[in-house]
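Q: A single structure is presented below for examination.
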Amino acid sequence: MSEQSKLAVLRAKTDRDLWTLVQRQLDRGLTLAGLAATRGSPLHLQAEKAHETVKQLLPKIGGLTPDERKALERRLKELETALDQLPSENALRPYQGLRSRVASGSDYTGARE
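Set out below in structure tokens:
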């Protein structure tokens with residue numbers, strides 16, 4: 004086997020491995036984004052890391068058909084959308100105060116009955 008063909012075989016294997024890694028990171032990121040309660044939570048940060056990994060690796064995968072590349076890009080966009088839709092921690096804070104007032108028996112104005 005010539006050096007050229009050995010390199011071609013190695014590159015094909017690398018591309019397959021990168022494709023598998025990107026698929027798994029997309030699956031992981033989408034799952035974590037679905038479980039995360041807010042932006043900045045540990046699950047959200049892990050999903051963001053998966054997103055960044057995919058963004059870095061996707062351009063490096065050779066040998067993909069245009070349809071395969073579009074499918075990966077669609078899933079990446081789906082992950083971006085899922086991450087963008089998470090509320091910030093600040094958005095949940097007003098409800099936490101309400102929860103504590105209700106639990107303590109006070110009405111919405113803060114007065115006790």
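Sequential numbering of the sequence shown, starting at 4, is according to my numbering.
Note that CB positions come from ideal geometry on N, CA and C, so glycine has one too.
In terms of residues, what are the limits of the alpha helix (DSSP H) holding K73?
A: Along the sequence shown, read from residue 1 onward, the residue named residue 73 stands at position 70. Counting along the chain, the alpha helix (DSSP H) containing K73 begins and ends at 69–87.
Q: Could you give the first and the last residue of the continuous alpha helix (DSSP H) run that contains P45?
A: Here residue 45 refers to the residue found at position 42 when the sequence shown is read from its first residue. Taken as a continuous stretch (DSSP letters only), the alpha helix (DSSP H) holding P45 covers 45–60.
Q: DSSP on A40, reduced to helix/strand/coil?
A: Against the sequence shown, residue 40 aligns to sequence position 37. Reduced to three states, the DSSP call for A40 is coil.
Q: If you draw a straight line from the alpha carbon of Y111 to that of D30, how long is it in whole angstroms?
A: Within the sequence shown, the letter at position 108 stands for residue 111. Within the sequence shown, the letter at position 27 stands for residue 30. Annotation note: pLDDT 48 at Y111 (below 50); position unreliable, coordinate value reported separately. The alpha-carbon atoms of Y111 and D30 are separated by roughly 42 Å.
Q: Less than 7 Å separating the beta-carbons of A92 and G43?
A: Along the sequence shown, read from residue 1 onward, the residue named residue 92 stands at position 89. Along the sequence shown, read from residue 1 onward, the residue named residue 43 stands at position 40. Looking at the sequence shown, residue 92 is not Ala but Glu. Result yes, Cβ atoms of E92 and G43 sit closer than 7 Å.
Q: Just to confirm, are L35 and L24 a CB contact at a threshold of 7 Å?
A: Your numbering for residue 35 matches position 32 in the sequence shown. Your numbering for residue 24 matches position 21 in the sequence shown. Result no, Cβ atoms of L35 and L24 do not sit closer than 7 Å.
Q: Am I right that A85 and L33 are in contact with their C-beta atoms under 8 Å? What's the rounded C-beta distance?
A: Here residue 85 refers to the residue found at position 82 when the sequence shown is read from its first residue. Here residue 33 refers to the residue found at position 30 when the sequence shown is read from its first residue. Going by Cβ atoms, the distance from A85 to L33 rounds to 6 Å, so yes, they are a contact pair.
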